[in-house]
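Trainee: What follows is a structure written as structure tokens; I'll ask about it next.
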Amino acid sequence: MLGGLLVLFLAASVTAEIILYRKLGDDVDLKPAGISVTSQTKSITWKDGANKAVEWDGTTVDKYRHFKERADLNLSTGVMTIRRLVQNDSNTYTPDFGEKAGTPIKLIIISSVPVPTINQSPAGENQYKLTCDGDTTGAVPVEYTWMSDNNVMLNISGKDHIITEGSSDTKEFICEMKNPVSKESSQPIQNPLTISPAGNLKISTGVTVFVCLLLPVLLLVIIHRIKAGMWFFEKSSMPWEGDFWKKGESQHATASNGTSALPSKKQLDEETPMTD
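Residues -16 to -1, 1 to 260 in mature numbering (1 follows the signal peptide of the UniProt record, and there is no 0) are what the sequence shown spells out, letter by letter.
Below is the structure:
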């Protein structure tokens, strides 16, 4: 009977500890729980572990070790403030007001979570593995949340998510990292099941470009055929020459068929001999 009561007492003592997370570089106010400052309070002591951090003996306030520059004690409330938190400030802090001990506070200093990125890799036929990546060193505990088209996926809680053909209607995915002091979300990525394979994409792109380049050429050939009355390869002139776009051949072509031009009046005058 006594053994059972002792176990219950020890369990209650363990669970009575307050867990408090704070972000690296922030300030924290450690508020006494279970005790308070009264007119009868003659001393206030805050301990980190078994060591004194700050102490008021009724007259002066003494600060110890690294708390000398970064800690303050409010004598009216008994609150101890620690500024510019560092990793080594993680410890269990206990307030003592005279002979009364308050509830221990376990202070845990952690970093903010990074902005995550989603990496993807094939996980089988019509399957992909999505991983919510980021350096979480010093930021644990970290929780992961997945969203599809901005809707939270309640059945997914890890950093990895396997998508199958059943997710083919989803357009994009987002992952979120969260710890007790921060929260960050990734940029959305398109569902890889809806993206055409790279090879097919390159082929279709090449065909499209080829068709776009070929159409103007064919159109130009047809226009030339209509205006000139013959195909371009039947013309003796070049595209940059005026005769290229005229119907039939030039006067040079007419001459080659046996017809000569009539002499001009000036030529006749020069050829007529002078008489007395």
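Idealized CB from N, CA, C, for every residue including glycine.
1) Just to confirm, are VAL165 and ILE94 a CB contact at a threshold of 8 Å?
2) Quick check: the Cα distance between PRO176 and THR120, rounded to an integer number of angstroms?
3) Would you say GLY86 and THR76 are within 8 Å of each other, going by their C-beta atoms?
4) Per DSSP, what are the beta-bridge partners of SER169 in this structure?
5) For GLU109, which three-state DSSP category applies?
6) How many angstroms separate the CA atom of MET161 from the CA atom of LEU202?
7) Quick one: Cα of GLN174 to Cα of LYS155, how far?
8) Since I believe ASP11 is in contact with LEU59 (beta carbons under 8 Å), could you give me their beta-carbon distance rounded to a whole number of angstroms?
9) For the stretch 33 to 113, list the beta strand (DSSP E) runs that are entirely contained and at least 3 residues long, ordered along the chain.
10) Which two residues bound the contiguous beta strand (DSSP E) that contains ASP144?
11) Would you kindly work out how many angstroms separate the C-alpha atoms of VAL21 and GLY82, rounded to a whole number?
12) Within 10 angstroms of the Cβ of VAL97, are there 16 or more other Cβ atoms? Answer buried if so, exposed if not.
13) Do three or more CB pairs link the stretch 110 to 118 to the stretch 43 to 57 at distances below 8 Å?
14) Keeping to the same chain, check which residues put their C-beta closer than 8 Å to that of ILE146; ignore five residues upstream and five downstream.
15) Using 8 Å for Cβ pairs, my map puts LEU91 next to LEU4. What's the rounded Cβ distance?
Mentor: Short version:
1) As a first step, residue 165 is located in the sequence shown; it is residue number 181 there, counting from the start. As a first step, residue 94 is located in the sequence shown; it is residue number 110 there, counting from the start. It is a contact, given that the beta carbons lie within the stated cut-off.
2) Indexing the sequence shown from 1 puts residue 176 at position 192. Indexing the sequence shown from 1 puts residue 120 at position 136. Cα to Cα, the separation comes out at about 26 Å.
3) The sequence position of residue 86 within the sequence shown is 102, counting from 1. The sequence position of residue 76 within the sequence shown is 92, counting from 1. No; because the gap between Cβ atoms is not below 8 Å, this pair is not in contact.
4) Working through the sequence shown from its first residue, we reach residue 169 at position 185. Answer is GLU160.
5) If you number the sequence shown from 1, residue 109 lands on position 125. Here GLU109 sits in coil by DSSP.
6) Here the question's residue 161 lines up with position 177 in the sequence shown. Here the question's residue 202 lines up with position 218 in the sequence shown. Using only the alpha carbons, I get a separation of about 57 Å.
7) In the sequence shown, counting from the first residue as 1, residue 174 sits at position 190. In the sequence shown, counting from the first residue as 1, residue 155 sits at position 171. Distance between the alpha carbons of GLN174 and LYS155: 6 Å.
8) Start at 1 with the first residue of the sequence shown, and residue 59 comes out as number 75. Start at 1 with the first residue of the sequence shown, and residue 11 comes out as number 27. With a Cβ gap of about 19 Å, LEU59 and ASP11 do not count as contacting.
9) 35 to 40, 45 to 47, 55 to 57, 64 to 66, 75 to 81, 89 to 94 and 101 to 108
10) Counted from its first residue, the sequence shown places residue 144 at position 160. 144 to 147 is the span of the beta strand (DSSP E), which, as asked, contains ASP144.
11) Mapped onto the sequence shown, residue 21 falls at position 37. Mapped onto the sequence shown, residue 82 falls at position 98. Going from the Cα of VAL21 to the Cα of GLY82 covers about 10 Å.
12) Working through the sequence shown from its first residue, we reach residue 97 at position 113. Buried, since its Cβ has 16 or more Cβ neighbours within 10 Å.
13) no
14) One-based indexing of the sequence shown puts residue 146 at position 162. Closer than 8 Å at Cβ, skipping near neighbours: ALA107, GLN111, TYR112, LYS113 and LEU114.
15) In the sequence shown, counting from the first residue as 1, residue 91 sits at position 107. In the sequence shown, counting from the first residue as 1, residue 4 sits at position 20. Right, the Cβ-Cβ distance comes to about 5 Å (below 8 Å), so this counts as a contact.
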